[in-house]
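Everything in the sequence shown is counted per UniProt numbering, starting at 1 for the first residue and increasing by one.
Cβ coordinates follow ideal geometry from the N, Cα and C atoms, glycine included.
To start, the structure under review is shown below, and the notes come after it.
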Amino acid sequence: MSNSLLSLFDTDARPLPLAQYEQLRRQIPWLYGLLIANGISLAITHHHSTSILLTRWLPGVLIAAAFLRLVMWLRAPRAATLSERQAERRIAQTQILAFLMASAFIGWTIALDWSSNGIGRDHVAVAVAATMLSCLLCLMHVPKVAGMVAVSVVVPFFIYCLTLGSLSAIVVAANIALVAGVIVRVLGGSHRMFVDLIQSQQALSEERRQASRLSDENQLLAHTDSLTGLPNRRHFFARLDACLKRREANGQAPFCVGVLDLDRFKPVNDTFGHAMGDRLLGEIGRRLSVHAADDLLIARLGGDEFGVLIDGDGAIARRRVQALYDAVCAPMTIQDAVLRVGCSVGLASYPDAGRTAHALFDRSDYALYHAKSHERGHCVIFSREHEALIRDEHQLEAALRHADLDAELSLVFQPIYEARGIVLTGVEALARWQSPILGQVTPDRLVAMAERLGMINQVTLILFAKALTEMARLPREIGMNFNLSVHDIASPETVQELIRMIAASRIAPQRLTFEITETAVISDCAAARAVLGRLRYLGARIAMDDFGTGYSSLGMLHQIPLDLIKVDRSFAAGMTTPSGRAMIAAIRSLAQSLSLDCVIEGIENEAQLMEVSLLGCRYAQGYLLGRPVPMETLLRTIREDRKNGQTALAAA
Numbered sequence: 001m002s003n004s005l006l007s008l009f010d011t012d013a014r015p016l017p018l019a020q021y022e023q024l025r026r027q028i029p030w031l032y033g034l035l036i037a038n039g040i041s042l043a044i045t046h047h048h049s050t051s052i053l054l055t056r057w058l059p060g061v062l063i064a065a066a067f068l069r070l071v072m073w074l075r076a077p078r079a080a081t082l083s084e085r086q087a088e089r090r091i092a093q094t095q096i097l098a099f100l101m102a103s104a105f106i107g108w109t110i111a112l113d114w115s116s117n118g119i120g121r122d123h124v125a126v127a128v129a130a131t132m133l134s135c136l137l138c139l140m141h142v143p144k145v146a147g148m149v150a151v152s153v154v155v156p157f158f159i160y161c162l163t164l165g166s167l168s169a170i171v172v173a174a175n176i177a178l179v180a181g182v183i184v185r186v187l188g189g190s191h192r193m194f195v196d197l198i199q200s201q202q203a204l205s206e207e208r209r210q211a212s213r214l215s216d217e218n219q220l221l222a223h224t225d226s227l228t229g230l231p232n233r234r235h236f237f238a239r240l241d242a243c244l245k246r247r248e249a250n251g252q253a254p255f256c257v258g259v260l261d262l263d264r265f266k267p268v269n270d271t272f273g274h275a276m277g278d279r280l281l282g283e284i285g286r287r288l289s290v291h292a293a294d295d296l297l298i299a300r301l302g303g304d305e306f307g308v309l310i311d312g313d314g315a316i317a318r319r320r321v322q323a324l325y326d327a328v329c330a331p332m333t334i335q336d337a338v339l340r341v342g343c344s345v346g347l348a349s350y351p352d353a354g355r356t357a358h359a360l361f362d363r364s365d366y367a368l369y370h371a372k373s374h375e376r377g378h379c380v381i382f383s384r385e386h387e388a389l390i391r392d393e394h395q396l397e398a399a400l401r402h403a404d405l406d407a408e409l410s411l412v413f414q415p416i417y418e419a420r421g422i423v424l425t426g427v428e429a430l431a432r433w434q435s436p437i438l439g440q441v442t443p444d445r446l447v448a449m450a451e452r453l454g455m456i457n458q459v460t461l462i463l464f465a466k467a468l469t470e471m472a473r474l475p476r477e478i479g480m481n482f483n484l485s486v487h488d489i490a491s492p493e494t495v496q497e498l499i500r501m502i503a504a505s506r507i508a509p510q511r512l513t514f515e516i517t518e519t520a521v522i523s524d525c526a527a528a529r530a531v532l533g534r535l536r537y538l539g540a541r542i543a544m545d546d547f548g549t550g551y552s553s554l555g556m557l558h559q560i561p562l563d564l565i566k567v568d569r570s571f572a573a574g575m576t577t578p579s580g581r582a583m584i585a586a587i588r589s590l591a592q593s594l595s596l597d598c599v600i601e602g603i604e605n606e607a608q609l610m611e612v613s614l615l616g617c618r619y620a621q622g623y624l625l626g627r628p629v630p631m632e633t634l635l636r637t638i639r640e641d642r643k644n645g646q647t648a649l650a651a652a
């Protein structure tokens, strides 16, 4: 019995009728087998004591019927293939047939005993008891059927024994009835355990289904970007890994990994707010999803960056990307605002660009960087030329990581003059890196790599310490300009250290001017305003470098605390033309209306210097007035000019 109950754990949880039917399907063949054996044994023991009808023909029919039912149950379908209603109908049929079969067998048994005048009655009693017990045990999972069969066997036999008038027969029948009653009582408890077990299995099964459903939902959420509805970064790299495994197993068929980055998205965010930016990203995600297919995966990697996986070579990938480009660049109307953005794409082809996920994605990202820097709005496929540039970048990265920055970094100084009187008023400190491995590294490469490696704050502080040391050697009337990067502005710790170093140097903060670019403040104007306000409160001046080259310079002028704008050198090149002069005059008027001083960069000839003075711009800087030189050279030139009574500083 316990084994029967435990066997339920081997099946999936199912409704009670199906579970009952499955147990009947397993047990009833044994019941019919026992009936057949009992019938044969009774016929054999009585074949000489009664008629051939009762020992051959009638038992033969009953045994044949039992055998037929045995075969039918052996071939009965499993519960898993039936509905609950079908199982209930089969149980009802079994109840009727079991009652008829049990009644027929007990009727034959009684007739056999009566016709034989009690010969072999002990065997009859044993057969009746065995039949009754086997019926109860085999039918225990369906109490109605078991009870009906027990009643159909015990009651007629007990009545028959009473009619015999034999005390021993009555006692045997009573004993059999008592045993049957006890067993029925015990099996009632077992049936309740069976029902509880089925119900608990169903509850567990439902919990598993719910857990599985939640797991599927969580899996979907874990692999879906909530803003755009596109697959997310995790899903993208999972698909990329799977794609690489298929290629390794089935061949080297090409495919492309791409990174798509939006152009002009930041102005939308800054002008209309982040909520509008999110809606724009949602619309772009919807447009891109239209083009997704089995051979084209589009995922949002983060921010305004999307990843693509394209089956096919570079030529196929270009065609597919063009459709994405057209979808992104089409005008979008959101909250009555017509928005236009563009995109740049970098692609890397397998196996030419790499054979690992890291290599392919890294190279597609580099191709995107190249597109953003040199071919904005286009698709760039990673090539061998890019590979050479990457090797150079890796060499530069390794050199900077292992550099002795205190020893290898140095400064040169370019003079800044008051334009009208050609009077030296300040110098700009410019970084130089002399690497023992790479030689002289240009400042733009140094800054870009330091920012990428997260070392720019360290570089800034080392250079500023050197600048303060050199500044102590300058005459008090000469100030110094020092450049800060976007990462310096975004680091309160770095700014705090700059303030501490100024205080420790005992140099008047009024002699210092910190130069920033608009990119240093555009990402978080409020935070930048607070940081720059601290420097300005200290007494230092703030200058915006490369003014006029960005889309938002005019907007930045009234949002951040400025003292000075430095007009980009590109304006100086055209200032001898009427349109160029008009542009410089407009910038000077704007600066004057905001009480800002103005420095014109890139002065390289006398005509440009004359125009600066005529247009009323206060300061000038450029190769005509002085190239960047070491402090020793600058000091020597200052001494010589003063000794000779000159006010102009000759080019070094």
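Helix, strand or coil, according to DSSP, for residue i in the structure here?
{"i": "SER552", "result": "Its pLDDT being 47, under 50, SER552 is placed unreliably by the model, and the measurement read from it follows with that caveat. SER552: coil per DSSP, three-state reduction."}
{"i": "PHE464", "result": "helix"}
{"i": "TYR366", "result": "helix"}
{"i": "GLN414", "result": "strand"}
{"i": "TYR619", "result": "strand"}
{"i": "LEU430", "result": "strand"}
{"i": "ARG75", "result": "coil"}
{"i": "THR637", "result": "helix"}
{"i": "LEU82", "result": "coil"}
{"i": "LEU624", "result": "coil"}
On a Cα-Cα basis, can you pick out the residue from the options that is closest to residue i?
{"i": "ALA348", "options": "ASN269, VAL151 and ALA315", "result": "ALA315"}
{"i": "PHE382", "options": "SER212, THR271 and ALA353", "result": "ALA353"}
{"i": "CYS301", "options": "LEU227, LEU53 and PRO561", "result": "Residue identity differs from the one stated: residue 301 is Leu in this sequence, not Cys. Closest option to LEU301, Cα to Cα, is LEU227."}
{"i": "ARG569", "options": "VAL184, ALA620, ALA371 and PRO561", "result": "ALA620"}
{"i": "ALA403", "options": "ASP392, LEU438 and ARG534", "result": "LEU438"}
{"i": "MET449", "options": "GLN496, GLN322, MET480 and GLU393", "result": "GLU393"}
{"i": "PHE482", "options": "VAL531, ARG25 and LEU498", "result": "LEU498"}
{"i": "MET132", "options": "TRP114, ALA111, PHE158 and SER115", "result": "PHE158"}
{"i": "GLN559", "options": "ARG588, CYS525, VAL341 and PRO415", "result": "CYS525"}
{"i": "TRP30", "options": "THR356, ILE310, SER134 and GLU84", "result": "SER134"}
{"i": "ALA125", "options": "ILE91, GLN608, ASN175 and GLN592", "result": "ASN175"}
{"i": "PRO254", "options": "ASP261, LEU262, LEU244 and ASP263", "result": "LEU244"}
{"i": "ASP546", "options": "PRO561, GLN458 and VAL567", "result": "VAL567"}
{"i": "MET575", "options": "ILE334, GLU604, PRO143 and ARG376", "result": "GLU604"}
{"i": "ASP304", "options": "ARG318, ILE284 and ILE40", "result": "ILE284"}
{"i": "ALA111", "options": "LEU74, TYR623, LEU53 and MET101", "result": "LEU53"}
{"i": "GLU248", "options": "ARG355, ASP406, VAL153 and GLN95", "result": "ARG355"}
Using DSSP bridges, identify the partner residues of residue i.
{"i": "SER349", "result": "CYS256"}
{"i": "CYS598", "result": "ILE565"}
{"i": "THR576", "result": "DSSP, once it has assigned bridges, lists no residue as partnering THR576."}
{"i": "SER435", "result": "GLY439"}
{"i": "ALA543", "result": "GLU515 and LEU564"}
{"i": "THR55", "result": "Note: THR55 sits in no beta bridge, so no partner."}
{"i": "VAL423", "result": "GLU418"}
{"i": "LEU446", "result": "DSSP output for LEU446 lists no bridge partner at all."}
Using a Cβ-Cβ cutoff of less than 8 Å, which residues in the same chain neighbour residue i once the five nearest sequence positions on both sides are dropped?
{"i": "SER552", "result": "With a pLDDT of only 47 at SER552, under 50, the local geometry of the prediction cannot be trusted, and no value is derived from it."}
{"i": "HIS223", "result": "PRO231, ASN232, ARG234, HIS235 and ALA238"}
{"i": "GLY107", "result": "PRO156"}
{"i": "PHE67", "result": "TYR32 and ILE36"}
{"i": "ARG452", "result": "GLU397"}
{"i": "ALA79", "result": "THR11, ARG14, LEU18, ALA19, TYR21, GLU22, ARG25 and ALA87"}
{"i": "ASP295", "result": "ILE310, ASP311 and GLY312"}
Going along the chain, which residues of its own chain have a beta-carbon closer than 6 Å to the beta-carbon of residue i, five neighbours each way excluded?
{"i": "SER410", "result": "ARG432"}
{"i": "GLY258", "result": "VAL308, VAL345, LEU347 and SER364"}
{"i": "ILE502", "result": "PRO509"}
{"i": "ALA169", "result": "CYS161"}
{"i": "ASP241", "result": "ALA357"}
{"i": "MET148", "result": "PHE99"}
{"i": "VAL321", "result": "VAL345 and CYS379"}
{"i": "PRO77", "result": "none"}
{"i": "ALA43", "result": "THR55 and PRO59"}
Quick one: does residue i have its CB under 9 Å from some CB of chain B?
{"i": "PRO578", "result": "Checking the listed chains, one finds no chain B in this structure; it contains a single protein chain."}
Take residue i and list the residues in its own chain whose beta-carbon comes closer than 7 Å to its own, dropping the five residues that flank it on each side.
{"i": "LEU538", "result": "ILE499, ILE502 and PRO509"}
Q: Write down every uninterrupted run of the beta strand (DSSP E) in the region 17-46 whose length is 3 residues or greater and which is fully enclosed by it, in chain order.
A: With a minimum length of 3 residues, no continuous beta strand (DSSP E) run stays inside the region 17-46.
Q: Note down, one range per segment and in chain order, each beta strand (DSSP E) of at least 3 residues found wholly within the UniProt domain "GGDEF" (253-384).
A: Within the UniProt domain "GGDEF" (253-384), complete beta strand (DSSP E) segments of at least 3 residues are found at 255-263, 296-302, 305-311, 332-334, 337-339, 342-350 and 379-381, given in chain order.
Q. In chain order, which continuous runs of the beta strand (DSSP E) of length 3 or greater are located wholly inside the region 453-508?
A. As for any beta strand (DSSP E) of minimum length 3 sitting wholly inside the region 453-508, the runs are 479-483, ordered along the chain.
Q: Kindly provide the ranges of any alpha helix (DSSP H) runs that are 4 or more residues long and lie completely inside the region 93-176, ordered along the chain.
A: Entirely contained in the region 93-176, the alpha helix (DSSP H) runs reaching 4 residues are, in chain order, 121-138 and 143-164.
**Q.** Inside the region 223-253 only - alpha helix (DSSP H) runs reaching at least 4 residues
**A.** Complete alpha helix (DSSP H) runs here, min 4: 233-250.
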